[in-house]
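Under the numbering used here, the first residue of the sequence shown is numbered 1241, with each subsequent residue one higher.
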Amino acid sequence: MAKNATYAVKFRRRIEGKTNYKRRLGLLKSGMPRLVVRITNTRVIVQFVAYEHAGDKVLLTTSSDMLKSHGWKGSTKNVPAAYLTGLLAGKQSPVKQAVLDSGISHPNQRMFAVLKGVLDTGVSVAHSPDTLPSDERISGAHLQESVAKQIARVRARIESGAAKRVKKEQPVKKAAKPAKKTAQKPAKK
1241 MAKNATYAVK FRRRIEGKTN YKRRLGLLKS GMPRLVVRIT NTRVIVQFVA YEHAGDKVLL
1301 TTSSDMLKSH GWKGSTKNVP AAYLTGLLAG KQSPVKQAVL DSGISHPNQR MFAVLKGVLD
1361 TGVSVAHSPD TLPSDERISG AHLQESVAKQ IARVRARIES GAAKRVKKEQ PVKKAAKPAK
1421 KTAQKPAKK
């Protein structure tokens, strides 16, 4: 008589390709919070996540969209934006030690740029120094000079803890034109 089914259904998130449970178990065994980096087509998302029995608890979420409030006008998905997002996340981080969680995706330069930003704020994350992008790529030296200046300005604002809101430049308003006088129609009786 058969005791077990011939086929065991895998977990839903494994079937969907969202979670590698073997890698996740290895990260959770460390006992440290995870530095979760997710890169989409439009932005970079950085989270500090701690394991709890009831479910993972997100301690902090930072997105590259938040750079706009610090004066960033460039792309929110390139290497300098990833570095600045990591710098911002590390500055606000509630933890001093973490382990990098790349998820199901393969690590790339933007992910390691986030890691370098977090490391520059003093958060300890295990890594190999060979994987980090060069200072030239992070500072924007390979881009236009105006972009490199903007990167330096935003980095200084984040490091100094300057006000999070940047006033938008108000366009100069033109003088209002005088209203045309229209003939008043006589009231109907």
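We treat Cβ as the ideally placed atom computed from N, Cα and C, and that holds for glycine.
Remember, it's a predicted structure, so these values are computed and weren't measured experimentally.
Quick one: is residue 1288 buried, meaning 16 or more other Cβ sit within 10 Å of its Cβ, or exposed?
buried
Residue 1360, enclosing alpha helix (DSSP H) - first and last residue:
1349-1360
Does the separation of the CB atoms of residue 1354 and residue 1326 fall below 7 Å?
yes
Compute the Euclidean distance between the alpha carbons of residue 1389 and residue 1332, then round it to the nearest angstrom.
24 Å
If you draw a straight line from the alpha carbon of residue 1242 to that of residue 1250, how long is it in whole angstroms?
20 Å
Sequence-distant residues of the same chain with beta carbon closer than 7 Å to residue 1400, five excluded per side
none
Considering residue 1297, what are the terminal residues of the beta strand (DSSP E) in which it resides?
1297-1303
Top-ranked residue by Cα proximity to residue 1275, from 1357, 1246 and 1257:
1357
Where does residue 1267 fall in DSSP's three states?
helix
Looking at the secondary structure, which residues open and close the beta strand (DSSP E) in which residue 1344 lies?
Per DSSP, residue 1344 belongs to no beta strand (DSSP E) and is neither H nor E.
Classify residue 1280 as buried or exposed, calling it buried when 16 or more other Cβ atoms lie within 10 Å of its own Cβ.
exposed
Contact check, residue 1363 vs residue 1316 under 8 Å by CB: the rounded distance?
That belief does not hold up - the Cβ atoms of residue 1363 and residue 1316 are roughly 22 Å apart, past 8 Å.
Closest by C-alpha distance to residue 1261, when choosing among 1391, 1385 and 1342
1342
Close beta carbons around residue 1278, own chain, < 7 Å, minus the five adjacent residues each side
1285 and 1343
Segment contact, 8 Å Cβ cut-off, at least three pairs: the stretch 1289-1305 with the stretch 1370-1384
no
Per DSSP, residue 1285 is paired with what?
1278 and 1303
Check whether residue 1309 and residue 1321 have beta carbons under 7 Å apart:
no
By how many angstroms is the C-alpha of residue 1371 removed from the C-alpha of residue 1359?
13 Å
Residue 1332, enclosing alpha helix (DSSP H) - first and last residue
1319-1332
Leaving out five residues before and five after residue 1334 in sequence, what residues of the same chain have Cβ atoms less than 7 Å from its Cβ?
1288, 1299 and 1300
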